[in-house]
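Sequence positions in the sequence shown follow our numbering and run 75 to 206.
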Amino acid sequence: MASGGCHCGAVRYTVDGEMHHNAVCHCSDCRRSSGAIMVPWAAFAKDALTVESGTPSVYRSSEYGERHFCGQCGTGLFYYNEQILPGIVDIQAVSFDDAAERAPQAHIQVADSLPWEDSLGTLPRFDRYPGA
C-alpha cells in the first residue's frame with residue numbers, strides 16, 4: 075500500500091493495488107492546470123484509492139475530465155475521465171510519499187509538447203540556485 079498527500083497535509087490518501095502505468099503527460103490541459111510543462115501520472119483502479127483525511131476540491135477541466143486538488147494549498151492530486159479512462163484514477167505521481175520509487179515508464183500526449191522541451195537537456199544544471 076502506498077500513501078501520499080498534498081503539500082500542506084490537509085488531504086492524505088492511500089492506494090492499495092497494482093499500478094497500471096506511470097506516464098508523464100504533456101497535454102495542454104495538464105500544463106494549464108498545473109502550471110508545469112508536464113505532469114507524471116500513476117494510474118490505478120479507482121476503487122484502490124482511499125482519501126484518508128481532508129476533502130479534495132473538484133474542478134471539471136473538460137467535458138469528461140475531473141481534477142481533484144487540495145483547496146487549501148492547491149496541490150493537484152487525482153484525475154478522473156470515465157470516457158477515456160473508465161474505472162481508472164490517475165494520481166499525480168509526485169504526490170506520493172515515496173515518489174522517487176515510481177519512475178515514469180512513458181511520455182504521453184507529446185503532440186501537445188512545447189516546441190522548446192527537447193532542448194531542456196542541453197541547459198546548464200545547478201545543484202541549487204546559481205550564485206547562492
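All C-beta atoms, glycine included, are put in the ideal place defined by N, C-alpha and C.
Helix, strand or coil at residue i according to DSSP, with G and I counted as helix
i: S187; result: coil
i: S169; result: helix
i: S131; result: strand
i: E175; result: helix
i: G195; result: helix
N- and C-terminal bounds of the beta strand (DSSP E) containing residue i
i: D164; result: I162 to Q166
i: A119; result: V113 to A119
i: L151; result: G150 to Y154
i: F143; result: E140 to F143
Residue i: CB within 7 Å of a non-hydrogen atom of the ligand MG
i: P130; result: Only the bare structure without any ligand can be found here, which leaves the ligand MG out of the picture.
Residue(s) in a DSSP beta bridge with residue i
i: S77; result: T88
i: I182; result: C99
Residue i versus the options, residue with shortest Cα-Cα distance
i: H181; options: A173, D172, A174 and D192; result: D192
i: D90; options: I111, V184 and A76; result: A76
i: A177; options: V113, Y87, G79 and V132; result: V113
i: V163; options: R202, S102 and F118; result: F118
i: H95; options: D172, A185, I165 and L197; result: I165
i: V98; options: T196, Q183 and P198; result: Q183
i: E244; options: A110, D103 and C144; result: Missing from the structure shown is residue 244; the chain here goes from 75 to 206 and no further.
i: P160; options: S108, K120 and Y203; result: K120
i: V85; options: C144, G150 and G139; result: C144
i: W215; options: I111, V168, S131 and A122; result: No information on residue 215 is available, as it lies outside the stretch 75 to 206 that the chain covers here.
i: I158; options: F170, G139, A174 and G148; result: G139
N- and C-terminal bounds of the alpha helix (DSSP H) containing residue i
i: R105; result: S102 to S108
8 Å contact criterion, which residue i and residue j should meet: CB distance rounded
i: T124; j: Y87; result: 6 Å
i: Y153; j: R141; result: 6 Å
i: S108; j: G150; result: 6 Å
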